[in-house]
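J.: Take 1 as the starting number for the sequence shown in this note's numbering and just add one per residue. Just so you know, even glycine gets a beta-carbon here, dropped at the ideal spot from N, CA and C.
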Amino acid sequence: MVSEYVPGRSFDELLAAGELQYSDLLELFRIHGFYMFCVGTFHGDMHPGNVLLHEGKLWFIDTGFIGEVGPKIRRGLFDFFAALSEYDYPKCAAALHRMSEVELAGGVYAGFERQFLELYDGFEGATVSEVSLTRQMMLTIKLGVHSGMAFEKGIFAIIRSLMYLDGMVLRCKPDAVLLQDMRPFIADFASLV
């Protein structure tokens, strides 16, 4: 495979040198979030070696794995993160449940929601170095599955993608409260999802 040469530096290089601006990383979140939540087709291997920065523009490389999710997951994840950015945990639990292929009955759902609220106790205002969004999402999906939920396989490509993004924030600005910083993008996407 041959592609155009891009003379930029990878986010990995910039992070290693301490030269990646948090604003550039937030721009990556905005662009990637648009593709995940609004389009449903996105770069499925978004690690810092696959994003180049050149003259203020971001370039995605190594696009051999393109992730796709249907409208149910796309909308559900958007609703989940919108509620999470506002720390509305009951709404988060409901959004996760709507993404499931299996509906939980009343008592089972109530047990799931109680455990969900326990899982997110202390999450509000936490920095990425205090609470890993990656770990939190993995525990969230695990809780859903153990409660009886089942998800479209595309959800795991998004979770993997978010893990890479979370890791980049941890390297770039460990004191960031990422979900608060993402609120403007979520507001922008609301009419497009």
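What are the start and end residues of each continuous alpha helix (DSSP H) run of 4 or more residues lying completely inside the region 17-77, in chain order?
T.: Whole alpha helix (DSSP H) segments, 4+ residues: 22-33.
J.: Take the Cβ of Arg74 as the centre, count every other Cβ of all protein chains shown within 10 Å, and call the residue buried at 16 or more, exposed below.
T.: Buried, by the Cβ-count rule.
J.: Taking the beta carbon of Lys57 as the centre, do at least 16 other beta carbons fall within 10 Å, making it buried, or is it exposed?
T.: Exposed.
J.: When you compare the region 63-71 with the region 109-126, are there three or more beta-carbon pairs, one atom per stretch, that lie closer than 8 Å?
T.: The answer is no - the region 109-126 does not touch the region 63-71, with fewer than three Cβ pairs under 8 Å.
J.: Does the region 143-161 come into contact with the region 89-103, if we say contact requires no fewer than three beta-carbon pairs (one atom in each stretch) closer than 8 Å?
T.: Yes, the region 143-161 is in contact with the region 89-103.
J.: Out of Gly70, Cys92, Asp88 and Pro71, which one is the CA nearest neighbour of Phe80?
T.: Checked all of Gly70, Cys92, Asp88 and Pro71; the closest Cα to Phe80 is Cys92.
J.: Over the uninterrupted alpha helix (DSSP H) stretch that includes Leu104, give me the two end residues.
T.: That residue, Leu104, is in no alpha helix (DSSP H); it is neither H nor E in DSSP.
J.: If we ignore side chains and look at the alpha-carbon of each, how far apart do Met182 and Arg30 end up?
T.: If I take the Cα positions, the gap works out to 8 Å.
J.: Would you grab the beta carbon distance between Cys38 and Val177 for me? Rounded to a whole angstrom, and I think it's under 8 Å.
T.: Not a contact, Cβ separation roughly 24 Å.
J.: Is it right to say Ser23 is buried, meaning 16 or more other beta carbons lie within 10 angstroms of its own, or is it exposed?
T.: It is exposed - the Cβ of Ser23 has fewer than 16 other Cβ atoms within 10 Å.
J.: If Gly8 sits next to Leu53, beta carbons under 8 Å apart, how far is it from one beta carbon to the other, in whole angstroms?
T.: Yes, they are in contact, since the Cβ atoms of Gly8 and Leu53 sit about 5 Å apart, within 8 Å.
J.: Note the first and the last residue of the continuous alpha helix (DSSP H) segment covering Ser147.
T.: First-last for Ser147: undefined, no H or E at that position.
J.: Roughly how many angstroms lie between the CA atoms of Arg135 and Leu84, to the nearest whole one?
T.: Their Cα atoms are separated by approximately 15 Å.
J.: Tell me whether Ser161 sits in a helix, a strand or coil according to DSSP, three-state version.
T.: Here Ser161 sits in helix by DSSP.
J.: Measure the beta-carbon distance from Phe34 to Phe189 and round it to whole angstroms, keeping in mind my assumption that it falls under 8 Å.
T.: Contact holds; Cβ gap of about 7 Å.
J.: Which partner residues does Ser10 have in the DSSP bridge list?
T.: Bridge partners of Ser10: Leu52.
J.: Can you give me the C-alpha to C-alpha distance between Leu117 and Leu143, rounded to a whole angstrom?
T.: The straight-line gap from Cα to Cα measures roughly 11 Å.
J.: Enumerate in chain order the residues of its own chain whose CB-to-CB distance from Leu179 is below 7 Å, with the five nearest sequence positions on each side excluded.
T.: Once the five neighbours on either side are set aside, the close Cβ partners of Leu179 are Leu84 and Ser85.
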